[in-house]
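Some notes on the structure that comes next.
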Amino acid sequence: MWRSTRFKAKLILGTSCTIAQTLPPYCPEPLEIILKDVSDSIIPGLTHWQSPNFFGYFQANASTAGFLGEMLCTGLNVVGFNWIASPAATELESIVMDWVGKMLMLPHSFLFSGGGGGVLHGSTCEAIICSLAAARDKVLKKIGHHKITKLVVYGSDQTHSTLQKASKLVGIPTSNFRSLSTSFSNDFALRPDDVRTAMEEDIRAGLVPLFFCATVGTTSSRAVDPLEALGHVAKDFKVWLHIDAAYAGSACICPEFRHHLNGVELAHSISMNPHKWLLTNMDCCCLWIKEPKLFVGSLSTPPEYLRNNASESKKVINYKDWQIALSRRFRAIKVWVVIRRHGLDNLMFHIRSDVNLAKRFETHVATDPRFEVVVPRRFALVCFRLRPREEGEGTELNSRLLMAVNGSGAAFMTHAVVGGIYIIRCAIGSTLSEIRHVDSLWKLIQEKDQLVLQEPGLALEED
């Protein structure tokens, strides 16, 4: 199905879902009719993330193993908020988190066997909120809760917007959020000296540096922050260092990419999303922390109706105290099935295959003088653009090219702006993508390029 599905060429607000019913049905309806409506009225209005021609954002990977794991999660339908609610769910999650941690070669201090631990969240946003809350409470216990307006959070202009949202949600004033500049000269990675300078300036202003988020594989430009150097800065200022490896963390199971995590031993927490690039269906975010007691101290709310002997013994894990919500899904069984069914060897093969496809696409771009790779490819993201004929027309030209490609219904990409330059992002990672899909995408881009250059007013079109 996904091999042949085309992307919807034109979207009109309010018409993408064409279900005619205005009232919910009073009587049960036949399953055949419901499924026909899904096929006729819902699927045509979706952006098909599982298509091999989906090259936008970062992929939401899927596999038959992930699908089976999701079915088991949904079918068993347990709510493992504490150990006694589903002992095997809690214990399997602990096992799986140590498994993935070992696949990434994380320091022993992040594993349950080393005094740390991991938890499965739904998204990076939740992981960062929980880490920020733990960091906030740790510091406020020392300086007083009334000084929350003094706390400062640091990231870069490439850091995911999740950090800013999380800062707001834990009570950090908007004025105390620092988005430090990056540039082409440093491949859009943060400069440790810039971070140090920013923290020193805040201290002189009477503020308290709290939390710093470094990224391995930024969304816009695939940048990798220098973790080791930044870790020493964070250590000098006693700042909580979180590593957001949502996208590229999966690649670090391969020895040739593991160096991007060098310095992780200096971090307090790290997160990555198997649902992006590790064949694990949505949703799944892995978060490790060195001091689980800080999470429990910040996030625990023990009502009487959840008290039990196992929890009171302090010998078991109650994952409700490691997350925002009380209820939680049995995500661990999904990750467990994926790892067992594919094995580390096949998961590495999947990553390497996507990287090779990205290299192929990068070569296509680099050998056509009309185009340029804006930032060197890293992992499986290629950031490119059509070279502007005149200064100042790059944004309009590439915006129209992207609309023409997406409007064809044959492929889908997205854009970003880095260093003031509008770029087109080709993010390779769909489970079904092959060489022929990458080559077809490039052929389509070249065809639409000709039309864009010939017809300045060209906008979104249908095939």
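Numbering (mature numbering (1 follows the signal peptide of the UniProt record, and there is no 0)), first residue to last: -20 to -1, 1 to 443. For each residue, glycine too, the CB sits at the ideal point set by N, CA and C.
Specify the secondary structure class of residue i as computed by DSSP and reduced to three states.
| i | result |
| --- | --- |
| D205 | coil |
| D224 | strand |
| F191 | strand |
| F392 | strand |
| W79 | helix |
| R357 | strand |
| G372 | coil |
| R321 | helix |
| R367 | coil |
| C110 | helix |
| H248 | coil |
| V58 | coil |
| V345 | helix |
| Y285 | helix |
| Q30 | coil |
| F351 | strand |
| V219 | coil |
Taking only the alpha-carbon atoms, compute the straight-line gap between residue i and residue j and give it to the nearest angstrom.
| i | j | result |
| --- | --- | --- |
| D137 | I404 | 18 Å |
| K428 | R311 | 42 Å |
| A65 | G55 | 16 Å |
| I233 | K256 | 14 Å |
| V244 | T27 | 36 Å |
| V276 | L149 | 18 Å |
| S(-17) | A391 | Low per-residue confidence applies at S(-17): pLDDT is 47, beneath 50, and the placement is therefore not dependable, though the value from the model is reported in the following sentence. Distance between the alpha carbons of S(-17) and A391: 11 Å. |
| K123 | Q303 | Residue 123 is actually Ile in this sequence, not Lys. Cα-Cα distance, rounded: 25 Å. |
| L267 | Y134 | 19 Å |
| V397 | S200 | 7 Å |
| V315 | L377 | 43 Å |
| L324 | E9 | 45 Å |
| G387 | P206 | 39 Å |
| H248 | L52 | 33 Å |
| residue 503 | L381 | Outside the modelled stretch of the chain, which goes from -20 to 443, sits residue 503, for which no answer is possible. |
| E371 | H222 | 40 Å |
| V196 | A228 | 6 Å |
| H140 | R340 | 27 Å |
| L366 | T375 | 10 Å |
| V18 | M262 | 20 Å |
| S89 | E236 | 23 Å |
| S161 | P67 | 47 Å |
| S165 | R358 | 16 Å |
| A115 | K145 | 16 Å |
| M85 | H239 | 10 Å |
Measuring CA to CA, which of the options is closest to residue i?
| i | options | result |
| --- | --- | --- |
| G409 | V398, T394 and V335 | V335 |
| D78 | P282, L100, Q39 and V276 | L100 |
| D224 | A203, G96 and K218 | A203 |
| C265 | T27, Y6 and E73 | E73 |
| F351 | E284, G277 and Q430 | Q430 |
| S307 | G60, L190 and L337 | G60 |
| V418 | A194, P32, G124 and I297 | P32 |
| T411 | A305, K145 and N326 | N326 |
| Q39 | I331, G186, T129 and A69 | I331 |
| D178 | V219, E371 and K300 | The amino acid occupying residue 178 in the given sequence is Ala; Asp does not appear at that position. Selected option, being the one with the closest Cα: V219. |
| E71 | G97, P235 and L337 | G97 |
| N288 | N62, I128 and W268 | N62 |
| G389 | V175, F34 and V315 | F34 |
| L120 | D301, K339 and P189 | P189 |
| residue 446 | L258, E370 and S280 | This structure does not reach residue 446, given that the chain is present from -20 up to 443, and the question cannot be answered. |
| K253 | F341, P87 and S230 | For clarity, residue 253 is Asn in the given sequence; the question names Lys instead. For N253, the nearest C-alpha among the options comes from S230. |
| D216 | V196, R238, W422 and P172 | P172 |
| M274 | K294, D301, E292 and K295 | For the record, residue 274 in the displayed sequence is Leu; it is not Met. Nearest of K294, D301, E292 and K295 to L274, Cα basis: D301. |
| L170 | A194, I152 and K423 | A194 |
| R369 | K423, C406, Q434 and L337 | Q434 |
| A185 | G102, S159, R309 and S155 | S155 |
| T198 | I13, I297, S413 and A407 | A407 |
| G151 | R158, Y285, V132 and W422 | V132 |
| S420 | G400, H395, G399 and V385 | V385 |
| F157 | S163, C7, T129 and D167 | T129 |
What residue range is occupied by the uninterrupted beta strand (DSSP E) comprising residue i?
| i | result |
| --- | --- |
| P272 | Careful: P272 lies outside any beta strand (DSSP E), inside the alpha helix (DSSP H) at P272 to L279. |
| R158 | F157 to L160 |
| A407 | I401 to A407 |
| V133 | L131 to S136 |
| H239 | That residue, H239, is in no beta strand (DSSP E); it is neither H nor E in DSSP. |
| L100 | G97 to H101 |
Could you give the first and the last residue of the continuous alpha helix (DSSP H) run that contains residue i?
| i | result |
| --- | --- |
| W268 | Element bounds for W268: not the alpha helix (DSSP H) but the beta strand (DSSP E), C265 to I269. |
| H417 | I415 to Q434 |
| H255 | P254 to W257 |
| V18 | Element bounds for V18: n/a, residue is neither H nor E. |
| S147 | T142 to L149 |
| V175 | P172 to R184 |
Can we say the region 105 to 119 touches the region 345 to 359, given the rule of at least three CB pairs closer than 8 Å?
-> Output reads no: the region 345 to 359 does not touch the region 105 to 119.
Just checking, does the region 315 to 324 make contact with the region 29 to 48 on the three C-beta pairs under 8 Å criterion?
-> yes
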